[in-house]
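For reference, the structure is listed below as structure tokens.
2 protein chains.
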Amino acid sequence: MSKNKTQSRQRRGSHQPTLAQVAEVAGVSSITASRALNDPERVNASTRQRVLEAMEHLGYVPNLIAGSLASARSRFIAVIVPSLANTVFIEVIKGLQATFEAAGYQILLGNTDYDIEREHQLVRTFLGWSCSALVTAGLKHTPACRRLLKECDRPVMEVMELGEALDLNVGLDHQEAGRCMARHLLGRGYRQPVYVGARLSDDYRASMRYAGHREVLQDAGIEPLLIELDQLGSLEEGARGLERVQAHYPGADAIHFANDDLASGALLHAQRLGLRVPGDIAIAGFNGLPLGQYVTPRLTTIQSPREAMGRLAAEQVLRRLDHQPVTQPQQDVGFTLMIGQST
Amino acid sequence: MSKNKTQSRQRRGSHQPTLAQVAEVAGVSSITASRALNDPERVNASTRQRVLEAMEHLGYVPNLIAGSLASARSRFIAVIVPSLANTVFIEVIKGLQATFEAAGYQILLGNTDYDIEREHQLVRTFLGWSCSALVTAGLKHTPACRRLLKECDRPVMEVMELGEALDLNVGLDHQEAGRCMARHLLGRGYRQPVYVGARLSDDYRASMRYAGHREVLQDAGIEPLLIELDQLGSLEEGARGLERVQAHYPGADAIHFANDDLASGALLHAQRLGLRVPGDIAIAGFNGLPLGQYVTPRLTTIQSPREAMGRLAAEQVLRRLDHQPVTQPQQDVGFTLMIGQST
DNA sequence: CGCTAACATGTTAGCGCTAACATTGTTGTA
DNA sequence: TACAACAATGTTAGCGCTAACATGTTAGCG
Chain A
0 MSKNKTQSRQ RRGSHQPTLA QVAEVAGVSS ITASRALNDP ERVNASTRQR
50 VLEAMEHLGY VPNLIAGSLA SARSRFIAVI VPSLANTVFI EVIKGLQATF
100 EAAGYQILLG NTDYDIEREH QLVRTFLGWS CSALVTAGLK HTPACRRLLK
150 ECDRPVMEVM ELGEALDLNV GLDHQEAGRC MARHLLGRGY RQPVYVGARL
200 SDDYRASMRY AGHREVLQDA GIEPLLIELD QLGSLEEGAR GLERVQAHYP
250 GADAIHFAND DLASGALLHA QRLGLRVPGD IAIAGFNGLP LGQYVTPRLT
300 TIQSPREAMG RLAAEQVLRR LDHQPVTQPQ QDVGFTLMIG QST
Chain B
0 MSKNKTQSRQ RRGSHQPTLA QVAEVAGVSS ITASRALNDP ERVNASTRQR
50 VLEAMEHLGY VPNLIAGSLA SARSRFIAVI VPSLANTVFI EVIKGLQATF
100 EAAGYQILLG NTDYDIEREH QLVRTFLGWS CSALVTAGLK HTPACRRLLK
150 ECDRPVMEVM ELGEALDLNV GLDHQEAGRC MARHLLGRGY RQPVYVGARL
200 SDDYRASMRY AGHREVLQDA GIEPLLIELD QLGSLEEGAR GLERVQAHYP
250 GADAIHFAND DLASGALLHA QRLGLRVPGD IAIAGFNGLP LGQYVTPRLT
300 TIQSPREAMG RLAAEQVLRR LDHQPVTQPQ QDVGFTLMIG QST
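Quick note, the sequences are listed as chains A and B, same order. If you use numbering that gives the first Met the number 0, the first sequence corresponds to residues 0 to 342, in order. If you use numbering that gives the first Met the number 0, the second sequence corresponds to residues 0 to 342, in order.
See below:
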């Protein structure tokens, strides 16, 4: 028998130094070492000093997984967005990330690719990581996912749009934004505006803006016209949108695009075609991206405070995690109509 | 005494159903329930069925933290980038995310804000989460961070640029890219090109491109000119760059911008100023962003395969995690000079 | 001087899961 | 028939940490 009889089982685990080893070197118990790190007020300064030196000496890296298991809370925040290709979500993520990171939380980023089944799966996974809170882009979930979010007993924040939320909600009223732009166009005297969006069944915030647009037109006795494209937000697709409007609705005098990428693409394409904007056709967008503010003529659009929305959402969640009362579970960040020279 | 004497300690933990409870409902041991989930081949089909039903019935969500602690591996991949404001990193992240997510890994995203001390801290935190591998943007680290990365015994991937890497490395040669564009400009007959970058000490990849640019100019006996701006990548800052070039170097006949955002901003601004591009001044960029390909005149730039770089990097890491041999630890993804009408 | 309160530290028992080893029963085959 | 090989399941002992409870030690006070 070559095997050691006194020691039966094989050792597992990594070869990293543990808190117990640190404690031994520092000549204290492991709970004291733990406290020196996580609750420094509760240990004597000189003891703390010794513990920290031992950590330094051993190259100790705290095992956060073990800590989370023992304390039944992780400092994870789940953030679920439909896409990373869209600047809009990136900016919201930036706001969330900056605020949560500063408060010592780590973001777990999930990408649904506009698939709410995928979202459900991500929620399950993130709950499995004992995340402290969840942030989702939008109010649309599968029924099972809604149930899970409702019963998970953690702050749930739904960002981007306002509506019947599960818990916390920070966003803006997209239907009203659609109305606002439509009113602007009618106010400018345009009588045949066309709404141009892409994959409206996926991008349902764009479809809500369309609903607002349509409402205003119908109230004014004008028939709402719609062109639906395939790609969500690209300059090239915007150019295609312009061409399709010209082909289908030769009398159109204005285009209300679902976003600035499409609108800017159309604007640049109009230039190439020698079309005057807004003389031959007016163009409007949504988002207030820098690009739209930098083309000539400057794009009329609706600015939404995306990074601020992320920050505000994070602050609300942090307040809830800190057991402070959240007086306004629903917050409207609003939007601004920015009138450029394109309408 | 109101306290129950038989049961001393207070219960901790969440109120979530556990594997043990699932196992009890299914009438098996918990390890069998575990296997039914993680290694389905190893349990009888009917047993598995019963276990899965019990999970469904109880609304069981696996506690991934406990699983990670027990198995000493988490399915986390640390991804550390200097900024989320830059499209370039977002696209690399997209490539990484898609590939890692498909393989069942979760990305832990860290943002250093161009601070390598912050990077070191993030590396420590992520090692604390027992991440399976680390991906960092760039080869620049603090000495302590290098040591940590070298000794952590996990795949370490450095993306973006090529050079003396710690372990795996996927990227492109920025100095060569700078040379390539400078050669193009000289080949076109420009004799007073100015390099315009922003915060070159932070954005050291841009400064490497400048080094290449300078080298070519010096070889040709031309004095290299440089303008340094404050904001890393914005259209507005590009316009400012154009104005500063005109003010400082009135004889300049070409501008080699550090990125397409700056270059596009300058291009759009030139239009407004009534400057002919490239007649009055030529403009070149770097990155191959869609915007640059969509302005008139089309921007001369260098296209780098960013999303593909992310995918390739992820595949290399996955191969390493899968114990497959990695024959080429360093991979050059190359770049393409795209000659537009702006030079 | 005895008593209490506040502080400093320690002991114990898990958190929920899985690796390692153990035990059955079942099949194939020499 | 005996024995290996395998398939299916179980038992045990942690992973590294921290909550809860326990104990010792000092300062403050009438």
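Here a beta-carbon is modelled for each residue, glycine too, at the ideal position from N, C-alpha and C. Values in this document were obtained by computation on a predicted structure and should not be read as measured data.
- Separation of A:LEU266 and A:ILE64 (C-alpha to C-alpha, rounded to the nearest whole angstrom) is 52 Å.
- Bounds of the alpha helix (DSSP H) holding B:GLU150 are 142-150.
- For A:PRO192 and A:ILE282, the gap between their C-alpha atoms comes out near 9 Å.
- For the stretch 241-255 of chain A, there are no residues whose beta carbon sits under 8 Å from a beta carbon of chain B.
- Counting only Cβ-Cβ distances below 9 Å, A:GLN340 has no contacts in chain B at all, with the closest Cβ about 12 Å away.
- For A:PRO39, no chain B residue has a Cβ inside 9 Å of its Cβ, as the nearest lies near 17 Å away.
- Only buried fits B:LEU18, as 16 or more other CB atoms lie within 10 angstroms of its CB.
- Membership of B:LEU57 in the alpha helix (DSSP H) is indicated by the continuous run 44-57.
- With a cut-off of 8 Å on Cβ pairs, the stretch 212-227 of chain B is not in contact with the stretch 261-281 of chain B, counting fewer than three such pairs.
- DSSP places A:THR31 within a helical segment (H, G or I) once states are collapsed to three.
- A:LEU138 sits away from A:VAL122, with the two beta carbons spaced by 8 Å or more.
- Counting only runs of 4+ residues, the alpha helix (DSSP H) found wholly inside the stretch 260-333 of chain A occupies 305-320, in chain order.
- DSSP lists A:ILE76 as the beta-bridge partner residues of A:ILE106.
- No Cβ-Cβ contact shorter than 8 Å links B:VAL195 with B:VAL158.
- Checking the DSSP bridge columns, you'll see B:PRO223 has no partner listed.
- In the three-state reduction of the DSSP assignment, A:HIS212 falls in the helix class, which pools H, G and I.
- Taking the beta carbon of B:GLN270 as reference, the chain A residues within 8 Å of it are THR295, listed in sequence order.
- For A:ASN168, the three-state secondary structure derived from DSSP is strand.
- Counted as a single uninterrupted DSSP element, the stretch harbouring A:ALA132 is not any alpha helix (DSSP H) but the beta strand (DSSP E) occupying residues 132-136.
- Any Cβ of chain B closer than 8 Å to the Cβ of A:GLY291 would place that residue at the interface, and such an atom is absent.
- Non-local C-beta neighbours of A:CYS130 in its own chain, meaning closer than 8 Å and more than five positions away in sequence, comprise SER73, PHE75, ILE76, ALA77, LEU107, ARG153, ordered along the chain.
- The C-beta of A:ARG153 comes no closer than 8 Å to any C-beta of chain B.
- By the C-beta density criterion, B:ALA69 is exposed, having fewer than 16 other C-beta atoms within 10 angstroms.
- Listed as beta-bridge partners of A:PRO192 by DSSP are A:ALA253.
- Residues of the stretch 33-58 of chain B with a Cβ closer than 9 Å to any Cβ of chain A, in chain order: GLY58.
- Of B:GLN20, B:GLY66, B:LEU224, the smallest CA-CA separation from B:ARG243 is found for B:LEU224.
- Excluding five sequence positions before and after A:MET156, the CB atoms of its chain that fall closer than 6 Å to its own CB belong to VAL134, LEU167, ALA312, VAL316, given in chain order.
- For B:ALA65, the C-beta contacts it makes with chain A under 7 Å involve LEU68, in order along the chain.
- In its chain, beyond the 5 residues on either side, LEU161, ALA164, ASN168 have a beta carbon closer than 7 Å to the beta carbon of B:GLN329.
- By the criterion of a C-beta distance shorter than 8 Å, B:LEU184 is surrounded in its chain by PRO192, ALA253, HIS255, ALA281, ALA283, THR342, once the five residues flanking it on both sides are discounted.
- Among the residues facing chain B, A:SER129 is included, as its CB has a counterpart in that chain under 8 Å away.
- Closest in alpha carbon position to A:CYS144, among A:GLU175, A:GLU116, A:GLN230, A:ILE79, is A:GLU116.
- Taking C-alpha positions only, B:THR335 is separated from A:GLU40 by approximately 58 Å.
- Taking every protein chain shown into account, the CB of A:THR299 has 16 or more other CB atoms within 10 angstroms, so this residue is buried.
- Counting other Cβ atoms within 10 Å of its Cβ, B:LEU231 reaches 16 or more and is therefore classed as buried.
- The beta-bridge partner set that DSSP reports for B:VAL158 consists of B:ALA136, B:VAL169.
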